[in-house]
Structures are given as structure tokens and as C-alpha cells.
Amino acid sequence: NISTPQPVIRQLDETAINRIAAGEVVERPASAVKELVENAIDAGAQRITVEYADGGKTLIRVTDDGCGIAGDDLPLALSRHATSKIDGSDLLNIHSFGFRGEALPSLGAVGRLTITSRAQGHDGAEISVIGGKHAAVKPAGLSAGTVVTLRDLFYATPARLKFLRTDRAEAQAIGDVIKRLAMAEPFVRFVLRDVSGDGAGREVFRAEAEQGDLFDALHGRLRQVLGREFAENALAIDAEREGFHLTGFAALPTYSRGSAVAQYLFVNGRPVKDKMLMGALRGAYFDFLSRDRHPAAALFVDCDPNLVDVNVHPAKSEVRFRDPGVVRGLIVSGLRHALANAGHRASTTVAD
Ligand code: ADP
Ligand code: MG
Numbered sequence: 007n008i009s010t011p012q013p014v015i016r017q018l019d020e021t022a023i024n025r026i027a028a029g030e031v032v033e034r035p036a037s038a039v040k041e042l043v044e045n046a047i048d049a050g051a052q053r054i055t056v057e058y059a060d061g062g063k064t065l066i067r068v069t070d071d072g073c074g075i076a077g078d079d080l081p082l083a084l085s086r087h088a089t090s091k092i093d094g095s096d097l098l099n100i101h102s103f104g105f106r107g108e109a110l111p112s113l114g115a116v117g118r119l120t121i122t123s124r125a126q127g128h129d130g131a132e133i134s135v136i137g138g139k140h141a142a143v144k145p146a147g148l149s150a151g152t153v154v155t156l157r158d159l160f161y162a163t164p165a166r167l168k169f170l171r172t173d174r175a176e177a178q179a180i181g182d183v184i185k186r187l188a189m190a191e192p193f194v195r196f197v198l199r200d201v202s203g204d205g206a207g208r209e210v211f212r213a214e215a216e217q218g219d220l221f222d223a224l225h226g227r228l229r230q231v232l233g234r235e236f237a238e239n240a241l242a243i244d245a246e247r248e249g250f251h252l253t254g255f256a257a258l259p260t261y262s263r264g265s266a267v268a269q270y271l272f273v274n275g276r277p278v279k280d281k282m283l284m285g286a287l288r289g290a291y292f293d294f295l296s297r298d299r300h301p302a303a304a305l306f307v308d309c310d311p312n313l314v315d316v317n318v319h320p321a322k323s324e325v326r327f328r329d330p331g332v333v334r335g336l337i338v339s340g341l342r343h344a345l346a347n348a349g350h351r352a353s354t355t356v357a358d
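Note that full-length UniProt numbering numbers the sequence shown so that position 282 is 288, with each residue one more than the last.
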């Protein structure tokens with residue numbers, strides 16, 4: 007077609023690139039909370055406080071007592087693909103939550119972001135992103151750690167804003183993210199506060215740091231997060247197969263739920279929502295539960311990072327195992343064994 011002008015190919019500018027990437031990393035307030043809390047955990051924080059207002063739409067603030075960021079590094083923390091967490095290209099050996107160096111630049115592209123931080127041996131410093139560009143680093147008074155404040159999420163992308171659900175639903179999703187991360191990190195103290203309205207603040211959730219060995223700590227944390235009834239009806243799970251280790255707690259069939267709400271799965275310490283793992287959990291209880299009941303469990307699969315790819319999706323909630331059949335078998339047999347030992351076969355059992 008002669009009348010069509012030759013299109014011009016242009017490189018997108020940094021602000022546009024960040025905004026596009028943000029679409030994948032930051033879907034809703036809860037995804038921003040997840041990224042910020044994971045950063046706090048990666049920074050070695052012992053205490054993490056999350057505050058939000060209006061379901062996180064107007065304010066999200068995450069305060070930690072982790073290693074902090076030196077003032078000189080603040081601009082770098084906000085630039086794309088800049089991370090302190092992997093060295094070179096070793097994507098097969100990831101031990102931190104983060105590694106893409108995408109969260110902070112993405113959040114800066116879709117909200118009003120301010121980072122105040124103090125690293126050991128440095129003065130406190132602050133940087134803000136306004137309209138996709140970061141301002142100069144300023145000195146700031148802070149004793150240690152990091153405070154990240156994200157205001158007016160999606161103010162620059164009204165289409166995205168329109169798709170958010172009610173404040174209540176968004177707040178619920180934030181609570182869910184915090185609970186999952188709290189289960190993954192029993193030795194860290196978590197506090198979640200709703201500071202909507204007059205700012206007085208209402209505590210939504212708190213989990214004090216657990217003590218003791220990992221198993222005890224996890225059991226204590228599950229009691230705090232999922233409740234006493236779950237903790238008292240939970241069987242300890244500990245099984246191994248071909249380099250995969252399954253641990254955690256799974257509730258007796260008598261403590262089943264009417265929906266799949268109480269199913270928490272973790273791979274190498276990372277909360278995941280994975281169809282194969284959920285299917286394996288359901289399969290394990292097949293003989294023990296009637297069709298309309300759902301098991302409750304918090305299960306941790308650990309393996310050499312070489313055996314699993316966590317790099318499938320920017321939000322990293324999906325994983326791909328090199329050998330999914332082995333993992334499925336491990337979950338089904340590990341749980342069945344524990345359930346059979348507990349001798350709590352439900353009367354609705356389907357004979358096989
Ligand atoms: P990633 O977590 O993938 O490295 P981010 O964009 O989330 O990428 O963070 C960029 C960098 O900023 C991190 O690698 C880390 O060095 C630093 N950083 C972010 N949040 C914190 C925090 N709460 N405490 C200390 N350092 C942080
Ligand atoms: Mg990160």
C-alpha cells in the first residue's frame with residue numbers, strides 16, 4: 007500500500023519501559039506489598055511493619071530493620087535490572103526473593119515512591135521518584151533500616167486503577183500476602199496496620215518472632231497465622247525423595263474446609279500458587295475426604311535450586327520443576343503416610 011508511511015522504529019524511554027514492566031510486576035496493592043516485604047526479608051530484617059490506607063490504594067508503607075541502602079546507592083536501587091542479589095548471570099543459584107532488579111523501578115513508575123534508608127556506617131538518606139524521574143538524594147534522619155513509602159498507586163495509569171476492587175478486597179489480598187510471607191519466615195516479626203482515615207491505625211495482624219528450631223518455629227507461626235485449631239489438628243510432615251524434601255504441617259481430614267482457602271505452598275522458601283502442587287495436595291487427601299471438603303495444609307518443598315525454575319513469571323508465583331512427577335509423588339505419598347498413621351480415615355472413604 008503506497009499511502010502507508012514507512013513506520014519509524016524508536017527505542018522506548020526509561021519511563022515508558024518501567025511503566026510497561028510494572029504492568030507485569032504490580033497488578034494490585036498486594037503485589038506492591040509482596041515486593042517490598044520480600045526486599046525487607048532479603049535485607050535480613052528481623053522486624054517488618056506494613057501500613058496501608060484505603061486498601062493500599064492511597065498508601066503503602068513498609069518499614070524494616072534490615073541492612074539498609076547507602077545513600078550513594080539509592081539511585082541505583084531505582085534503576086532497572088540493578089540488583090545486589092545475584093552476581094553475574096547465575097540464575098540457577100538463587101537464594102533471595104528478589105533477583106530481577108525490577109520491583110523498585112516499576113513501583114516508581116506507577117506510584118509516588120519514596121525510599122528512606124540507612125546502611126551501617128552511613129548517614130540516613132532519602133530519594134523520591136516523581137513522574138517517573140528520581141529526584142536528588144537528600145539526607146534523612148533514620149536510625150537504621152529502610153522505610154519505603156508508596157502513595158497513590160496507579161495514579162498515572164487510570165485504566166489500571168479502575169480495575170482495582172473495593173478497599174476491603176484489596177486489604178484482604180494484602181493480608182493474604184503478609185500471612186504467606188509470615189509462614190515462610192517464622193523468625194521474623196510481622197505487624198500489619200490499617201492507617202486509613204484519621205491515621206490512628208488499627209492493627210490487622212501481628213506475628214511475634216518465633217524461637218527454637220525450624221520445626222517448632224513453624225508450628226508456632228502456623229498457630230499465630232492459621233489459628234490454634236489448625237495447629238492442634240495438624241500432622242507434622244517430613245518426607246524425602248530424589249533430592250526433594252517435603253516438610254510442614256497438614257491438618258487431619260476432620261479439620262477440612264469448605265473451600266481451598268487454607269492451602270499454603272512454598273518452594274525453596276517462596277510462597278507459590280502452583281496448580282501441580284495444589285493438585286497433588288488434593289490427590290493425597292482423595293481417600294480421606296468427601297468431594298466437597300478441602301484439606302488445610304502449609305507445605306514446604308525444598309530442593310537444590312538446579313531442580314526448579316523460579317524464573318517463570320515476574321511475580322514469581324509459578325514455578326517449574328525439572329521433574330514434576332517426583333514432586334507430585336512425594337507430596338501424595340508423604341501426606342498419605344502421615345494421614346494413614348494418624349488413623350483418621352473418614353467414614354466417607356472410597357475403597358480402592
Ligand atoms: P531485586 O529485589 O530484584 O534486587 P528491587 O528493585 O526490588 O530488585 O530492589 C533493588 C535493590 O535495592 C535490591 O537488590 C537491594 O540491593 C536494594 N533494596 C531494596 N529494598 C531494600 C530494603 N528494604 N533494604 C535494603 N536494600 C533494599
Ligand atoms: Mg525485590
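Heads up, the beta-carbon is just placed ideally off N, CA and C, and yes, glycines get one too.
Does DSSP classify residue i as helix, strand or coil?
i           : result
residue 259 : helix
residue 350 : Interpretation of residue 350 is limited by its pLDDT of 49, a score under 50 that renders its predicted location unreliable; the figure taken from the coordinates is listed afterwards. It is coil, neither helix nor strand.
residue 272 : strand
residue 357 : Only weak support is given to the placement of residue 357: the predicted model assigns it a pLDDT of 42, under 50, and the value that follows is read from those uncertain coordinates. In this structure, residue 357 counts as coil in the three-state DSSP scheme.
residue 108 : coil
residue 168 : helix
residue 304 : strand
residue 278 : strand
residue 227 : helix
residue 390 : Given that the chain is displayed from residue 7 to residue 358, the structure contains no residue 390 and the question cannot be resolved.
residue 174 : helix
residue 9   : coil
residue 32  : coil
residue 75  : coil
residue 343 : helix
Cβ of residue i less than 8 Å from any chain B Cβ?
i           : result
residue 262 : The chain inventory of the structure shown lacks chain B, comprising one protein chain alone.
Hey, would you say the C-beta of residue i is under 7 Å away from at least one heavy atom of the ligand MG?
i           : result
residue 109 : yes
residue 104 : yes
residue 312 : no
residue 44  : yes
Tell me residue i's beta-bridge partners as DSSP assigns them.
i           : result
residue 327 : 314
residue 57  : 67, 199
residue 250 : 247, 309
residue 121 : 133, 154
residue 213 : 196
residue 145 : 131
residue 139 : 136
residue 25  : Looking at the DSSP assignment, residue 25 forms no beta bridge with any residue, so it has no partner.
residue 234 : The partner list for residue 234 (beta bridge, DSSP) is empty, contrary to what the question assumes.
residue 208 : 200
residue 241 : 256
Assuming residue i contacts residue j (C-beta within less than 8 Å), just tell me the rounded distance between them.
i           : j           : result
residue 56  : residue 184 : 6 Å
residue 220 : residue 63  : Actually they do not touch by this definition, with Cβ atoms about 37 Å apart.
residue 286 : residue 334 : 4 Å
residue 144 : residue 131 : 7 Å
residue 199 : residue 65  : That belief does not hold up - the Cβ atoms of residue 199 and residue 65 are roughly 11 Å apart, past 8 Å.
residue 31  : residue 85  : Actually they do not touch by this definition, with Cβ atoms about 15 Å apart.
residue 308 : residue 343 : The Cβ separation is near 18 Å, so there is no contact.
Within 7 Å: the Cβ of residue i and any heavy atom of the ligand ADP?
i           : result
residue 152 : yes
residue 41  : yes
residue 89  : yes
residue 29  : no
residue 15  : no
residue 75  : yes
residue 138 : no
residue 72  : yes
residue 49  : yes
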